[in-house]
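First comes the structure, then the notes that go with it.
Protein chains in written order, with this note's numbering: chain S, -8 to 259; chain R, 435 to 840.
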C-alpha cells in the first residue's frame, strides 16, 4: 500500500527539497552579500586592497571591454542600418545604437565579460584559499575573512562596473559610427545629433543602476561560490574549485539576465 | 593541581557517518607543553581545531577557564581567539603574499603598530628561525621545511598566550626539527605560553613536553607525563610508542628507543658472547635546573653526549634513560675489558674536569661512572633497576660540558 503512495509523494518531496535548498541558498547568499557590503565601510578602510582590486577587475578588463564594446557597436550599426533603411529612417541610427548600448547592452555585456574574465578568477582564487586552509588561517588570526577577502573585491566591483560600462558605451557608439557613417555613408553630424537629442539623463541613470546591481550580483556570486567551496557535495579539493568556478560564471550570467529583466521592467 | 585552562568534557564530533571524536575528555593546563599523539586520521587535528573554534562540537562541552566556550558572548569569544595562535599542518601560508607579508599579516591586521616596529618584530622571528634573504620570495618558491618555519614565525609573531601546533616538524630535516623543538621549548619558557602540539616525533617530543595525551578511535586513552606513558600497560599506547621506527635521536645525540636497546642487549646473549654496560649518572640535574633552568640542563647534556660518543668504539651503543642517566652497551666485552674501557672513558672525560675551572658560572656536572654486567633476560625497567643496584661506581668527578657553547 505504501509503494503507490510513495510514487505520488516522491516528486512532491523532491520539489520541496529543491525549494528549501533554493531558499536556503538565497538566504545564505543574501547574508553573505550584506556582511561583505557592511565591511566595505568598517574601519580602517582597506583602501590599498580596493585599489589593487580595481586594477585587477577594472583596469585589466579595459582591453576586452573595448574590443567587445567596439564590435557590439559595429554590429548594432549594421543591423540598425539594415532595419532602419526599410523605413527610410537611417538618420535615427545614432539614437538607436546609443539607447540600446546605454540602457541595455552596455551594462549586460560588460557584466558578462567581467564575469568571464575576473569573476571566474575571483571564485578560483577564494576557492583555492579555502581548500588550502588559508581562510581558516585568517580565522585563527582573528582576521575576518569576509572583510579581508570579499569586501575589497565587492567595493572594487562597485567602482569598476559603472566605469567599464561607460567605456563600453562610448566605444560601442564609436563602433556604430564606424559602420553607420564611415562604411554605410550616414552623415556623422546626423548620427551624433540624434544621440544628443535621443539620450536623456534617465537612460544614463538606468544604465548606471544596472551596472551597480550587476556589480553586486557578480561579486557576491563569485566570492560566495569560492568561499563555500568546501561545502560542495559533488566535489572536493581541486574538483570542488572547478565546480565552484563553473557555478560562479553560470549563476552570475543567468542572474545578470534575470535581474536585467526585473530592473528594466521597474525602471522603464 | 590548578584547574585546567582548557577542558574537553565528553566532546563528540561526526563528519557524515564517521565519528571522529567520541566523548573525548582532555585537560590542558596553563603554561604547559602538552603533546597530542595518535595514529594518522584518529582526530588529532580535529581536536586542535575544536580548541580554537574552527570546528564546533556536536555534543559535549569545551571549557576555557571553567566557562563553556559555546556559551560565551561574541566579544568574549573574539577576545579568546586573540589569545590563540595556530600553526597548520599544511602551513596555510598565503601563496599570493611574500614571506615577509605572510609573517607581518597578523601584526598589520590586528595591531596598530608602525611599519618599522612590525618590520623589527618580523625580522627578529625570522632570524630566530634561520630565515634569511627570503623576504620577497613567495611560499611556492620555498622548500617544505622552510615553509614550516615561515608558518611557525607567523604563529609566534603575535606572542600569543596559547599556541596550537599541528605537526610542526613533519617534513623537516633532523637539524631543523630539533631547532623547531628547541624553539618551541625556549619560547614557551620565555613567554610562558601554553603549547598544544600534535606530533609523532617520539622520543624527541618527550623531552620538551610536560604532558602527553594519546588519542585513539576518537577517545583520549591516556593523559600524563612522558615518564608515565612509558609505564602504561595499555597495548594501544605501547604499540604506538614502540612501533615508531628506530632512528638516531639527534636532539640528544643518542639512540633512545627501547626496542633497539632490547635488540642490542639480546644479540650477545644469543651469540653466547660477553656484553657489559657502563652507566653514567648525573648526580646534580636538579641543582643545575634550579640555577640555570631546564634549557641549560638540556644543552649541557647534549654537549656532554656529543663528547661521550667520540670516546666510544663504533660497535658501542649509547642510550639514555630519563633525564639524567646514560648507558653505554659494550658488545663482546667481559667485565675486565669493560673496567679498562670504563677507566679509559673516565680518563678521557676527566680531561674535561680541569676545564671545569673555566666555568664562567662556577657550574659543573657531577657524574658517577660505573660498570655492570647484564643479570638476566628481563624487562628494561627491571634490568635497569638491577644494573643500578649492582653498579660498581668506579669514578666520580665534575666536568664543565660547555654549557654556553650550544
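For each residue, glycine too, the CB sits at the ideal point set by N, CA and C.
Taking every protein chain shown into account, the CB of residue 554 of chain R has fewer than 16 other CB atoms within 10 angstroms, so this residue is exposed. Between residue 189 of chain S and residue 86 of chain S the beta-carbon gap is near 3 angstroms, inside 8 angstroms, which marks them as a contact. For residue 194 of chain S, there is no enclosing beta strand (DSSP E); the residue is found in the alpha helix (DSSP H) stretching over 192 to 218. Taking the CA atoms as reference points, residue 218 of chain S sits about 13 angstroms from residue 233 of chain S. Less than 8 angstroms separates the beta-carbon of residue 498 of chain R from that of residue 440 of chain R. The region 110 to 130 of chain S makes contact with the region 228 to 245 of chain S, as at least three CB pairs between them are under 8 angstroms.
Minimum Cα-Cα distance from residue 258 of chain S among the listed residues S/106, S/194, S/223 and S/220 corresponds to S/194.
Residue 124 of chain S has a beta carbon lying within less than 8 angstroms of a beta carbon in chain R.
Think of a sphere of 7 angstroms around the beta carbon of residue 488 of chain R: the chain S residues whose beta carbon falls inside it are 127, 130 and 131, in chain order. In the three-state scheme derived from DSSP, where H, G and I count as helix and E and B as strand, residue 758 of chain R is classed as coil. From the listed residues R/486, R/662, R/597 and R/804, the smallest Cα separation to residue 715 of chain R is found for R/804. Around the C-beta of residue 11 of chain S, fewer than 16 other C-beta atoms lie within 10 Å, and the residue is accordingly described as exposed. In the DSSP assignment, residue 494 of chain R falls within the beta strand (DSSP E) that extends over 493 to 498. DSSP places residue 634 of chain R outside any beta strand (DSSP E), giving it a letter other than H or E. Residue 200 of chain S has a beta carbon lying at 8 angstroms or more from every beta carbon in chain R. Counted as a single uninterrupted DSSP element, the beta strand (DSSP E) harbouring residue 455 of chain R occupies residues 452 to 462.
The C-alpha of residue 74 of chain S lies about 12 angstroms from the C-alpha of residue 82 of chain S.
Residue contact check for residue 134 of chain S against chain R: a CB pair falls below 8 angstroms. The three-state reading of DSSP puts residue 242 of chain S in helix, counting H, G and I together. Counting along the chain, residue 519 of chain R sits inside the beta strand (DSSP E) bounded by residues 518 to 521. If you check the CB distance, residue 571 of chain R and residue 525 of chain R do not come in under 8 angstroms. Taking 8 angstroms as the threshold, the shortest C-beta distance from residue 595 of chain R to chain S does not fall below it. Residue 101 of chain S has its alpha-carbon roughly 14 angstroms from the corresponding atom of residue 250 of chain S.
Taking a Cβ-Cβ cut-off of 8 angstroms, the neighbours of residue 543 of chain R in chain S comprise 132, 134 and 139, given in sequence order. Interface annotation for the region 512 to 538 of chain R against chain S: 512, 515, 516, 518, 519, 520, 522, 524, 526, 527, 528, 529 and 530, criterion Cβ-Cβ distance under 8 angstroms. Membership of residue 650 of chain R in the beta strand (DSSP E) is indicated by the continuous run 645 to 650. Residue-level contact check: residue 602 of chain R does not touch chain S, since none of the beta carbons of chain S fall below 8 angstroms from its beta carbon.
One alpha carbon belongs to residue 37 of chain S, the other to residue 16 of chain S, and they sit about 28 angstroms apart. For the pair residue -2 of chain S and residue 29 of chain S, the Cα-to-Cα distance works out to about 47 angstroms.
Residue 41 of chain S sits in a helix when the DSSP states are folded into three classes. By the Cβ neighbour-count rule, residue 612 of chain R is buried, with 16 or more other Cβ atoms within 10 Å of its own.
Neighbours of residue 540 of chain R across chain S, judged by C-beta separation under 9 angstroms: 132, 133 and 134. Around the beta carbon of residue 673 of chain R, fewer than 16 other beta carbons sit within 10 angstroms, so the residue counts as exposed. By the CB criterion at 8 angstroms, residue 167 of chain S and residue 97 of chain S fall outside the cutoff. Membership of residue 525 of chain R in any alpha helix (DSSP H) is not indicated, and neither H nor E is assigned to it by DSSP.
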